[in-house]
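Below is one structure; the comments refer to it alone.
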Amino acid sequence: MTARSAARSFGAELLPILPGGLWLLVFAVVPFFFLIVMSLWTATVFGIEPEWTLESYRTVFADPVYVLIVLKTLRISLVSTVISLLVSYPLAMFLARMQGRAKAMFLFALFLPFWSSYLVRSFTWLPILGRNGLINHALISAGVMSAPIDALLFDEFAVYVGLVYVYTLFMTLPIYLSLDRLDPALGEAASDLGGRPVQVFRRVTLPLSLPGVWSGCTMVFLLSVGAYVTPSLLGGTSGIMVGNVIAGQFLESNNWPLGAALSVLVIGMVIVSVTLAGMRVGLRQLFLGQGR
Amino acid sequence: MTRHLLGRRDMMLLGAGLPLLGANAASAQSPTSLTVMIPNIAVNGKLREIAEAQARVKIVDDPFVSTPDTVSKVLAPGGTSRYDLIMAQSGYSRVPMLGPKAGAEKAAPLDLSKIPNAANVADLFKPDIVSRDGVTYGLPYFIGYDSVVYNADVISDKDPYTQSWGMIFDDKYAGKIAWFDTAVQMLTAAALYLGKTAPETMTPDEVADVGKFLISKKKNVRTIWTTFSQAASLLSSGEVLCAYGSIPVRMELQQQGKNFTNAWPKEGVLSFVSDLYIPKDSTHLDAAHALFNTLIGPPYVDQLATVSGYLPANKLAGAGLSEEQKLRAGFGIYTGQTKATPLKLPTALNVWIETWSKVKSA
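As given, the protein sequences belong to chains L and Z, one line each in that order. Quick note: the first sequence, position 63, residue 63 per this note's numbering, numbers continuous. To convert, count from 1 in the second sequence and add 1000; that's this note's numbering.
This is the structure in structure tokens:
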């Protein structure tokens, strides 16, 4: 093979990945590069000066409060992911077992709340969880409580409720798609061979739906780490996540370098978390929902 | 064969050109759209009608959150071209808007020949004119103050806490308090409560002490609000009884017919004179000047205090208002009847911001 034909062959192989590669370059690599550059600039009362300094990183690591809020964010995201999974799996199983028009209606109902904005979906919980909200009103009216429960809103609990609600679809859909593709004969064969329903689920259904589970978990976890609106609206003083601290630096505080340094830290910690999970279950499974 | 004066091609060209001509004529008549960052209560309803009609502009709102937020947005890359008119407290905004040296201003130099109402600025507020080397960049718009807004149906005005910032720090109303998500205001209020007389000059150690105090009181706080309407909603729904509050919050609640009022802390309310600026890269300078002039002159200023609660910072302020209305609008701050501390840009702003971030994250 001549050098010319080898180059042509190499070019032909590269061509299909060019659009994806360009997309990644423009929307992921370049912004991340700018983020790193900005984190090394200086914030002054007159705005940002392109003078190199490690001051923002010194600020982030000098006080444990920033690292702690990142760790807290990872914890909240992890718990939200687990709760989403527990809620979404039965829902996905239910949808997978439905047939015909009923299935279409339930899928439509699942999508319906997502036609409204993220903000509205988060805001919805205020009149439900509030001190004078629906739940407290019902509990007091029923005589279960004599005073409203304050912990329902403006607390970590409310953040979990909000995050699970707004990201349910991202967990339910991949699991549903995994379950929907399963051949029902597999479950029937396992039952015929004496497997009890729990055993059939644990040894046949669950392992075969794991690609969807991992996909859903990855999406919900990553979306939760970057959450800003939900903790801001529902979290109060104890449900603040790192997204709120970062937004504050870019908006009111005008300290873009510190905001950028915190963003780099979060991205770094997410990469470490996902890599560790990937080592356990396989990156292909984690991101593509495929077997190892 | 008859030869027409205009051929078929000419007619087609004419046909294509007429709509363009019409569009040009329409755009010549339609008002210029100006992106404005001013508290909504000051450019809403009747006030908006007056401003748009007199200045012949269409106001496009960019939500006003706070002065630090506004200044931050203007200082951000590209920020000076995003807005046509902004409002910011002079004590906080003077230094960043003027920039470190001549030529680095973030505001456009004002053509005072296009703002004849500039002559109305009261002597009392002339120190709040923002200028450099004889060029004016900002003019006083209105005066105001921040305090504690509380539910007067539940909290009696005889409660001594209505006379102190302690209402939003101490245990008395624990769990029924909301703070404002902004470093300068919250740290200044806390510093005043702790007995500091000139909070803006605090050393980093003193700022850290105020931060520790706020962290120790965070357990009493239900949530931290970010927008005026969010604060009004929290108070109105009964989620909180008292909150760090400003005039738009109180006015919104009172306009809903709710019994809310503001405290007069013995440590002093946080007072400010808000200036108007035209960001330096505004592409609608003439229209922005026209709106600027409208907002500091009659008939707009005649309505400002009653509709928005803010008192115009000019000679016409208070015309037609009762003493009670003037006091309520903050005029007592300048006559000595109301104890107040002016909000100023802290000398160690970054330390303040870092401290507030720690308070929120703790």
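Glycine included, each C-beta is placed from N, C-alpha and C at the ideal position.
Cβ-Cβ distance between residue i and residue j below 9 Å
i	j	result
W125(L)	L18(L)	no
M279(L)	M219(L)	no
I240(L)	S1361(Z)	yes
V272(L)	L222(L)	no
I69(L)	V264(L)	no
G130(L)	L153(L)	yes
L1304(Z)	L1075(Z)	no
L262(L)	V65(L)	no
A1232(Z)	L1253(Z)	yes
Y1150(Z)	A1288(Z)	no
L1034(Z)	I1050(Z)	no
T1182(Z)	S1322(Z)	no
V1269(Z)	F1125(Z)	no
L85(L)	L110(L)	no
N254(L)	A43(L)	yes
Residue i - DSSP class collapsed to helix/strand/coil
i	result
R1379(Z)	No answer is possible for residue 1379(Z): the residues shown for chain Z start at 1001 and end at 1362.
N1350(Z)	helix
D1061(Z)	strand
L1021(Z)	Its pLDDT being 47, under 50, L1021(Z) is placed unreliably by the model, and nothing is read from it.
M1037(Z)	strand
L193(L)	coil
V67(L)	helix
R202(L)	helix
L1270(Z)	strand
P1031(Z)	coil
T1338(Z)	coil
Y57(L)	helix
S1237(Z)	coil
A1026(Z)	Any reading at A1026(Z) needs caution, since the residue's pLDDT is 47, under 50, leaving its predicted position unreliable; the model's value is listed next. DSSP places A1026(Z) in helix when its eight states are reduced to three.
S9(L)	helix
A1119(Z)	helix
Y176(L)	helix
L182(L)	coil
P1299(Z)	coil
G1245(Z)	strand
S1066(Z)	coil
P257(L)	helix
Distance between residue j and residue i (C-alpha atoms, nearest Å)
i	j	result
K1358(Z)	L210(L)	40 Å
Q1230(Z)	P31(L)	32 Å
N1117(Z)	D1275(Z)	14 Å
G1327(Z)	S1308(Z)	Correcting the residue identity first, residue 1327(Z) is Leu in this sequence and not Gly. Taking the straight line joining both Cα atoms gives about 14 Å.
A6(L)	V159(L)	56 Å
L1312(Z)	G1318(Z)	Strictly speaking, residue 1312(Z) in this sequence is Pro, with Leu absent from that position. Each residue's Cα considered, the two are about 8 Å apart.
A138(L)	A151(L)	16 Å
L1295(Z)	Y1145(Z)	19 Å
Y1092(Z)	F106(L)	55 Å
G187(L)	P174(L)	20 Å
Y167(L)	D1171(Z)	37 Å
L1345(Z)	W115(L)	44 Å
N1350(Z)	S39(L)	15 Å
R1056(Z)	S80(L)	52 Å
S1164(Z)	E1267(Z)	7 Å
A1023(Z)	A1348(Z)	Note on A1023(Z): pLDDT 48, under 50, position unreliable in the model; the coordinate value appears next. A1023(Z) and A1348(Z): Cα-Cα distance of roughly 53 Å.
P1127(Z)	K1218(Z)	37 Å
L208(L)	A277(L)	19 Å
V1154(Z)	C217(L)	47 Å
S77(L)	S1271(Z)	41 Å
Check: residue i C-beta below 8 Å from any heavy atom of the ligand SAM
i	result
I1224(Z)	The ligand SAM is absent from the structure shown, which contains no ligands of any kind.
Per DSSP, cross-strand counterpart(s) of residue i
i	result
D1128(Z)	Paired residue(s): none; D1128(Z) is not in a bridge.
D1275(Z)	A1088(Z), P1140(Z)
S224(L)	S224(L) pairs with nothing; no bridge assigned.
I1224(Z)	W1179(Z)
T42(L)	E49(L)
Within chain L, the residues that residue i reaches when beta carbons sit closer than 7 Å
i	result
G1238(Z)	R131, N132
I1224(Z)	T237
Chain L residues whose Cβ lies nearer than 9 Å to that of residue i
i	result
R1056(Z)	Within chain L, no residue comes near R1056(Z); the closest Cβ sits about 33 Å away, beyond 9 Å.
7 Å Cβ cut-off: residues of chain Z touching residue i
i	result
A43(L)	N1350
I240(L)	K1360, S1361
D63(L)	K1358
T59(L)	E1354
Chain Z residues whose Cβ lies nearer than 8 Å to that of residue i
i	result
S253(L)	P1068, S1072, A1183, I1353, W1356, S1357
I17(L)	Residues of chain Z passing the Cβ test: none, with the nearest at roughly 33 Å.
Neighbouring residues, chain L, relative to residue i (Cβ below 8 Å)
i	result
K1218(Z)	T237
P1096(Z)	V45, F46, G47
V1175(Z)	Sequence check: residue 1175(Z) is Gly here, not Val. Going along chain L in sequence order, the residues near G1175(Z) (Cβ under 8 Å) are D150.
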